[in-house]
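What follows is one structure encoded as structure tokens, with my remarks underneath.
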């Protein structure tokens, strides 16, 4: 962050002076200092500070008792928060991850410390054969599938369209939307009445972040995919919904943005801050449980007021 971005600060709160309008209230609260990572989708264990993925005051009430959930990217970030909340609610989870082995093992160990059970599966969701492998291993271990959380994704910062290589565009599409399509298609024959599919879109799809053109394109496609599939499956009582998170402190952020941008992420929200992954966990639980039995084809905006309506 440069000094020109603010006039003065107190603690982690930055203020800016607007001439005769006086001091604007909080401009934003810093969630994390400058930092970056070289590899997508990023590693959680090297982040400073570490994201808070579990609210110790959150007590499960058996809302997902006996259910089996597959969570892509469940090793870290929002996926880890989802995994932990599902375990607390009585589910068994299958965590699909790419190469974040240490994060995956840390999550598994945490789950086991809670008395929960999970299965780790490593692989590349852009390969349709891997989706078949995920389903086969899940059924062999747990015998059924009740919830699919399509959470995995990548994002790359580029200032203009011309800087997005064909290779980058192709990879972003394959990870964010092709992988979702492949796995959903493989899981679908095993879902029953009352099952739930949860897809991760993004707040950026609703305001169009100019530095994430290819990422925003995929997140908009996910909204369309969610709505069309929801109508297609409604009479089977299989619900399909999406979550469009705002800025959450996950490995995806330092792996995407230049380090100078990290402290200001989330500043555009009405609440003037970003969030930790545990703050999204109750939404995952709601959409995975019977509490959302009459909700399908919806996009749930959890963004601190960055986009409203």
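Residue numbers (the working numbering): 294 to 602.
Beta carbons: idealized from backbone N, C-alpha and C, even for Gly.
Only a predicted model underlies this, so the values are computations on that prediction, with no experimental measurement involved.
Here's the rule: buried if 16 or more other CB atoms are within 10 angstroms of the residue's CB, otherwise exposed. What is residue i?
i, result
"residue 482", "exposed"
"residue 393", "buried"
"residue 460", "exposed"
"residue 429", "exposed"
"residue 503", "exposed"
"residue 402", "exposed"
"residue 584", "exposed"
"residue 453", "exposed"
"residue 480", "buried"
"residue 533", "buried"
"residue 352", "exposed"
"residue 582", "buried"
"residue 578", "buried"
"residue 563", "exposed"
"residue 492", "buried"
"residue 552", "exposed"
"residue 342", "exposed"
"residue 344", "buried"
Check this for me: beta carbons of residue i and residue j, under 9 Å apart or not?
i, j, result
"residue 438", "residue 431", "yes"
"residue 386", "residue 362", "yes"
"residue 604", "residue 325", "With the chain covering only 294 through 602, there is no way to say anything about residue 604."
"residue 477", "residue 522", "yes"
"residue 408", "residue 389", "no"
"residue 545", "residue 335", "yes"
"residue 457", "residue 451", "yes"
"residue 357", "residue 374", "no"
"residue 424", "residue 472", "yes"
"residue 580", "residue 588", "yes"
"residue 548", "residue 593", "no"
"residue 427", "residue 416", "yes"
Going by DSSP, what residue range makes up the alpha helix (DSSP H) through residue i?
i, result
"residue 485", "Careful: residue 485 lies outside any alpha helix (DSSP H) and carries neither H nor E."
"residue 373", "370 to 381"
"residue 421", "421 to 435"
"residue 293", "Lying before the first or after the last residue shown, residue 293 is absent from the chain, which here runs from 294 to 602."
"residue 520", "506 to 526"
Determine the direct distance from the alpha carbon of residue j to that of residue i, and round the result to whole angstroms.
i, j, result
"residue 495", "residue 414", "25 Å"
"residue 337", "residue 397", "10 Å"
"residue 595", "residue 537", "6 Å"
"residue 354", "residue 445", "27 Å"
"residue 573", "residue 486", "25 Å"
"residue 410", "residue 561", "39 Å"
"residue 468", "residue 550", "18 Å"
"residue 539", "residue 516", "15 Å"
"residue 604", "residue 518", "Nothing about residue 604 can be read from this structure; the chain reaches only from 294 to 602."
"residue 359", "residue 370", "24 Å"
"residue 475", "residue 421", "5 Å"
"residue 380", "residue 455", "44 Å"
"residue 412", "residue 433", "11 Å"
"residue 500", "residue 600", "7 Å"
"residue 378", "residue 526", "26 Å"
"residue 303", "residue 597", "Confidence at residue 303 is low in this model, with a pLDDT of 47, below 50, so the placement of that residue is unreliable and no value is reported for it."
"residue 484", "residue 330", "37 Å"
"residue 586", "residue 405", "29 Å"
"residue 489", "residue 470", "18 Å"
"residue 591", "residue 541", "21 Å"
"residue 530", "residue 400", "32 Å"
Give the range of the beta strand (DSSP E) segment to which residue i is assigned.
i, result
"residue 442", "440 to 443"
"residue 414", "411 to 415"
"residue 580", "Here residue 580 belongs to no beta strand (DSSP E); instead the alpha helix (DSSP H) covers 574 to 581."
"residue 390", "385 to 390"
"residue 494", "From DSSP, residue 494 is part of no beta strand (DSSP E); its letter is neither H nor E."
"residue 538", "532 to 538"
When you compare the region 456 to 474 with the region 507 to 526, are there three or more beta-carbon pairs, one atom per stretch, that lie closer than 8 Å?
yes
Below 8 Å, how does it come out for the region 362 to 381 and the region 442 to 457: are there three or more Cβ pairs, yes or no?
yes
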